[in-house]
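Student:
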Amino acid sequence: MSTTSQDVVPFLDLRPQFAEVQDDLDKALKEIFASSSFVLGPWVDRFEEQFAKYNGSKFCISVHNGTAAIHLSLLAAGIGEGDEVITTANTFIATAEAISFAGAKPVLVDHDPDTYTMDVSQLEKAVTKRTKAIIPVHLYGQPAEMDDVIAFAEAKGLMVLEDACQSHGSSYKGKMTGTMGKLGCFSFYPAKNLGAAGDGGAIITDDAGLADKLKLLRSHGSRIRYQHEIIGHNYRLDSIQCAVLSTKLTRLDNWNERRRAAANYYRQHLADIDWIKLPVEGKSGVHVYHLYVIQANDRSKLEKEFAASGIQSGIHYQTPVHLQQAYKSLGHSKGDFPVTERACERIVSLPMFPHITREQQDRVIAAIKRAST
Ligand SMILES: *Cc1c(COP(=O)(O)O)cnc(C)c1O
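Position one of the sequence shown corresponds to residue 104 (my numbering), numbered consecutively onward.
1) Do Val-263 and ligand 1 come close, with the Cβ less than 6 angstroms from some heavy atom?
2) Note down, in chain order, each residue of its chain lying with its Cβ closer than 7 angstroms to the Cβ of Ala-470, except the 5 sequence neighbours on either side.
3) For His-331, which three-state DSSP category applies?
4) What three-state label does DSSP hand Ser-349 in the structure shown?
5) Quick one: using the 10 Å Cβ neighbour count with 16 as the cut-off for buried, is Thr-220 buried or exposed?
6) Is it true that the CB of Gly-335 sits closer than 7 angstroms to the CB of Gly-324?
7) Relative to the alpha-carbon of Ser-165, which residue among Tyr-420, Lys-318 and Leu-352 has its alpha-carbon at the smallest distance?
8) Between the alpha carbons of Asp-401 and Ser-160, how many angstroms are there, rounded?
9) Does DSSP put Met-104 in a helix, a strand or coil?
10) When burial is assigned at 16 or more other CB atoms within 10 Å of the CB, is Val-212 buried or exposed?
11) Can the beta-carbon of Phe-150 be found less than 7 angstroms from the beta-carbon of Ser-349?
12) Please confirm whether Leu-261 and Ile-237 have their CB atoms less than 7 angstroms apart.
13) In whole angstroms, give me the CA-to-CA distance for Arg-233 and Ala-207.
14) Express the C-alpha separation of Asp-315 and Val-347 in angstroms, rounding to a whole number.
15) Suppose you measure from the CA of Ala-179 to the CA of Gln-344; what does that come to, to the nearest Å?
16) Got a sec: does ligand 1 put a non-hydrogen atom nearer than 6 angstroms to the Cβ of Ala-480?
17) Counting only the same chain and skipping the five closest in sequence on each side, list residues whose C-beta sits under 7 angstroms from that of Tyr-157.
18) At the level of alpha carbons, what is the spacing between Pro-216 and Pro-423?
19) Under 7 angstroms between the Cβ atoms of Val-240 and Ile-253?
20) Does any heavy atom of ligand 1 sit closer than 6 angstroms to the C-beta of Thr-170?
21) I'd like the ranges of any beta strand (DSSP E) spanning at least 3 consecutive residues and lying wholly in the segment 410-436.
22) Just to check my reading of the structure: Ala-300 and Gly-287 have Cβ atoms closer than 8 angstroms, yes? What is that Cβ distance to the nearest angstrom?
23) Between Gly-169 and Leu-394, which are expected to be in contact by the criterion C-beta below 8 angstroms, what is the C-beta distance as a whole number of angstroms?
24) Using three-state DSSP, classify Ser-274 as helix, strand or coil.
25) Taking 7 angstroms as the limit between beta carbons, can you name the residues of its chain near Val-383, skipping five residues before and five after?
26) Is Ser-290 a contact residue of ligand 1, with contact defined as CB to any heavy atom under 6 angstroms?
Next up, the structure:
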């Protein structure tokens, strides 16, 4: 079967998102250019208020990207040189990088084989005298088992920071991801459930002191122009990105519902195939399917079939943090986190985005069925 470029089932198509918000966005961009207020200012304030309110948190501090959100959160919390921070081996490298950039050491644990979120039973052996914080990652859009994480952290006197970079709009026992720890970190990279037209990020918190510190840290340690209280960064988000995010935020819940409907459709049609494992939803969280990740006994066969059928797919992630060249210094080797390593060899992310059509999903389903024979 030959395929043309129109036949491709994209892994992700953002164009329909922008089509939905185009009119609002055109109006906002006109106003921004007319006012020429590009950095900080009213558009940024407005989005921060809206995103704080959406999550039910007191403060939102926008920053340049999700990595900066985690980095500044650690700095604001006073975590740095000589400290250790626990997170998961199966995450995007940025979680670990931000810990390293704060001057602390990332200490990794394995994930739960069903939900791909932090295996809380592994925390005890990861804790040392130097441990200061835990960063659970709500990976693929599914909340980590937060009651257990928080109970453990409280017992040990550790701070919890949430990496909610993949879980905008998801909740755990009625609480929004990002609001359960002391600080919640978000990325607005275009592909995320809430995405800018470029890089973006934010931190939410209920702690006024931390919020104040974060505002200083993101803009040269300055409250009054050219007066610098502390040494900071230039991690600001700009007006144009905030205008994009404000227009898209009004659609986020609807887009997450569409993702969940698409996930249901995959489930209905793939449940009987015995050589793949479908995503498992935890009992207490709402999965917002940033990614729809299955496991395949024979991944290469599936990839070949997808390539022949013009279907794009992904792997999140092929190499876990502990086996990355960049983290050789942690001294890990293969076998240290067996659940993560097994997953990394088997996982495939299927096309998933709010506007995916049934026809596109049918083609993915048919290709998987063909690979079964
Ligand atoms: C995207 C992402 C980040 C980093 O966000 P950037 O905006 O790309 O810097 C951090 N952690 C996780 C789990 C992510 O998916």
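Each residue gets a CB set at the ideal place from its N, CA and C atoms; glycine is no exception. Remember, it's a predicted structure, so these values are computed and weren't measured experimentally.
Tutor: Here's the rundown:
1) Taking the first residue of the sequence shown as 1, we reach residue 263 at position 160. Relative to ligand 1, Val-263 has its C-beta separated by 6 angstroms or more from all heavy atoms.
2) On the sequence shown, residue 470 is found 367 positions in, with the first residue counted as 1. Cβ within range, chain order: Glu-408, Phe-409, Ser-412 and Ile-414.
3) As a first step, residue 331 is located in the sequence shown; it is residue number 228 there, counting from the start. The answer is strand: DSSP assigns His-331 an E or B state.
4) As a working note, residue 349 is residue 246 in the sequence shown. Residue state, collapsed to three classes: helix.
5) If you number the sequence shown from 1, residue 220 lands on position 117. Its Cβ being crowded by 16 or more others within 10 Å, Thr-220 is buried.
6) Reading the sequence shown from its first residue, position 221 is the one you call residue 324. Reading the sequence shown from its first residue, position 232 is the one you call residue 335. Yes. Within cutoff.
7) As a first step, residue 165 must be located in the sequence shown, where it is residue number 62. Of the candidates Tyr-420, Lys-318 and Leu-352, the one whose C-alpha sits nearest the C-alpha of Ser-165 is Lys-318.
8) Within the sequence shown, numbered from 1, the residue matching residue 401 stands at position 298. Within the sequence shown, numbered from 1, the residue matching residue 160 stands at position 57. Distance between the alpha carbons of Asp-401 and Ser-160 is about 44 angstroms.
9) Mapped onto the sequence shown, residue 104 falls at position 1. Any reading at Met-104 needs caution, since the residue's pLDDT is 46, under 50, leaving its predicted position unreliable; the model's value is listed next. In the structure shown, Met-104 sits in coil (DSSP, three-state: anything other than H, G, I, E or B).
10) Within the sequence shown, the letter at position 109 stands for residue 212. The residue is buried, with at least 16 neighbouring Cβ atoms inside 10 Å.
11) In the sequence shown, counting from the first residue as 1, residue 150 sits at position 47. In the sequence shown, counting from the first residue as 1, residue 349 sits at position 246. With respect to Ser-349, Phe-150 sits close: the two C-beta atoms are nearer than 7 angstroms.
12) Translated into positions along the sequence shown, residue 261 becomes position 158. Translated into positions along the sequence shown, residue 237 becomes position 134. Result yes, Cβ atoms of Leu-261 and Ile-237 sit closer than 7 angstroms.
13) Position 130 of the sequence shown, counted from the first residue, corresponds to residue 233. Position 104 of the sequence shown, counted from the first residue, corresponds to residue 207. Annotation: Arg-233 to Ala-207 spans about 10 angstroms, alpha carbon to alpha carbon.
14) For the purposes of this step, residue 347 is identified with residue 244 of the sequence shown, where counting begins at 1. For the purposes of this step, residue 315 is identified with residue 212 of the sequence shown, where counting begins at 1. One Cα belongs to Val-347, the other to Asp-315, and the distance between them is close to 25 angstroms.
15) Start at 1 with the first residue of the sequence shown, and residue 179 comes out as number 76. Start at 1 with the first residue of the sequence shown, and residue 344 comes out as number 241. The alpha-carbon atoms of Ala-179 and Gln-344 are separated by roughly 24 angstroms.
16) Nothing in the structure corresponds to residue 480, since the chain is present only between 104 and 476.
17) Position 54 of the sequence shown, counted from the start, is the residue given in the question as residue 157. The residues are Leu-352.
18) Residue mapping note: residue 216 aligns to position 113 of the sequence shown, counting from 1. Residue mapping note: residue 423 aligns to position 320 of the sequence shown, counting from 1. C-alpha of Pro-216 to C-alpha of Pro-423: approximately 14 angstroms in a straight line.
19) One-based indexing of the sequence shown puts residue 240 at position 137. One-based indexing of the sequence shown puts residue 253 at position 150. Not in contact: Val-240 and Ile-253 (Cβ atoms no closer than 7 angstroms).
20) Here residue 170 refers to the residue found at position 67 when the sequence shown is read from its first residue. Checking every heavy atom of ligand 1 against the Cβ of Thr-170, one is found closer than 6 angstroms.
21) Here no run is fully enclosed.
22) Position 197 of the sequence shown, counting from 1, holds the residue named residue 300. Position 184 of the sequence shown, counting from 1, holds the residue named residue 287. That pair is no contact at about 23 angstroms.
23) Locating residue 169 in the sequence shown gives position 66, where the first residue counts as 1. Locating residue 394 in the sequence shown gives position 291, where the first residue counts as 1. In fact, because the Cβ distance is near 15 angstroms, the residues do not count as touching under 8 angstroms.
24) Position 171 of the sequence shown, counting from 1, holds the residue named residue 274. Three-state result, Ser-274: strand.
25) Indexing the sequence shown from 1 puts residue 383 at position 280. Shown here for Val-383: same chain residues with a beta carbon closer than 7 angstroms to its own, the five before and five after excluded, namely Asp-217 and Thr-218 in chain order.
26) In the sequence shown, residue 290 corresponds to position 187, counting from 1. Yes; taking the cut-off as 6 angstroms, the Cβ of Ser-290 has a heavy atom of ligand 1 nearer than that.
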